[in-house]
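Working notes for the structure below.
Residue numbers (this note's numbering): 10 to 253.
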C-alpha cells in the first residue's frame, strides 16, 4: 500500500469537523478515538491493504499536518486501537481480591480488553488477514503490542519491570495471539467462545510453567501453582503482534 499515492487533501464530508479538536481541543485521546474508528471502518469496508493514511485522516476529519504528528506510519494507526483498549482496562483500577490468583486476574484484564476491542472487530479482522503481507508494518507494530501486553500484566498485578519481565510479556503476547483468532470469529452474544479460549490458554500456560519448574528442579510438584511467572515461562514461543 503506497500511502503517498493519494489525492489532494479533502475532508470527508461525512466526518465531523475535528480541526479544533484534533489540534488540541479534544486532546490525544479524542484524536486516537477518531482515527481508530475511521481506520477500522475503512479496513472493514475495503480491506486494510487498500486503506491509506490520507484516506484515514480524511475519514476522521483530521488535517494532515495534525495527523502526521501522531500517526506518521500505518503501524501508528493500529497503535491507536491498542491504546484505546489499554486505557479502558487501566481506567478500571479495582484492587484484586485476596483469593484471586494471577491467572484469574489476567483473565479479567484480558476479557475487559476484548470488550474494548469489540467496536473495531470487523476492521481488525481485515488487518489480521492483510498484515501478513506487510512485514514492516507488523514489525513496527510489535513494539506497541509489547508495550500493551506489559501494561496488561501490570493491570493484573504482575510486575513486568523486574528481571524476566520480557519473558512474561512474550508469554502473554503468545496467549493473546492465539485467543485473538477466536475473538475475531466469536459470534456469541457474551463472547463465551473467547472466554473459553482465554481460560484454556491461561491454564495451558499454568501447566507448562509447573512442568518446567519441576523439570528444572526449582520447585516440587506441590509448589507448581499459578504464579506471575506462569504466563511467560509457559509460552514456548515469542509473542506475535495480533493487531490488537
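The beta carbon of each residue, even a glycine, is placed where N, CA and C say it ideally should be.
Three or more beta-carbon pairs separated by less than 8 Å are not found between the stretch 45 to 58 and the stretch 116 to 126, which leaves the two stretches without contact.
No residue range can be given for residue 57, since it is assigned to no alpha helix (DSSP H) and is classified by DSSP as neither H nor E.
Close CB contacts of residue 189 within its chain, under the 6 Å cut and outside five residues either way in sequence, are with 251 and 253 (chain order). Under the criterion of beta carbons closer than 8 Å, residue 64 and residue 44 do not qualify as touching, at roughly 11 Å. Taking 8 Å as the upper bound for CB-CB distance, residue 204 and residue 185 are not in contact here, some 14 Å apart. Put simply, the backbone Cα of residue 134 is about 29 Å away from that of residue 174. By the C-beta density criterion, residue 84 is buried, having at least 16 other C-beta atoms within 10 angstroms.
The criterion of a C-beta distance shorter than 7 Å is satisfied by residue 164 and residue 98. Proximity to residue 126 across 103, 91, 154 and 141 peaks at 91, based on C-alpha coordinates. In the three-state reduction of the DSSP assignment, residue 200 falls in the coil class.
The C-alpha of residue 199 is placed about 38 Å away from the C-alpha of residue 72.
In this structure, the straight-line span from the alpha carbon of residue 104 to that of residue 95 is close to 17 Å.
Here residue 123 is near residue 192, since their CB atoms are less than 7 Å apart. Assigned with DSSP and collapsed to three states, residue 174 falls in helix. The DSSP-derived three-state label of residue 169 is coil. The Cβ neighbour count for residue 148, taken over all protein chains shown within 10 Å, is under 16; the residue is labelled exposed. Here the alpha carbons of residue 67 and residue 121 stand approximately 30 Å from one another. Contact annotation, residue 87 with residue 136: C-beta distance approximately 7 Å; criterion of less than 8 Å satisfied. Taking C-alpha positions only, residue 224 is separated from residue 217 by approximately 10 Å. DSSP, read as helix, strand or coil, puts residue 150 in helix.
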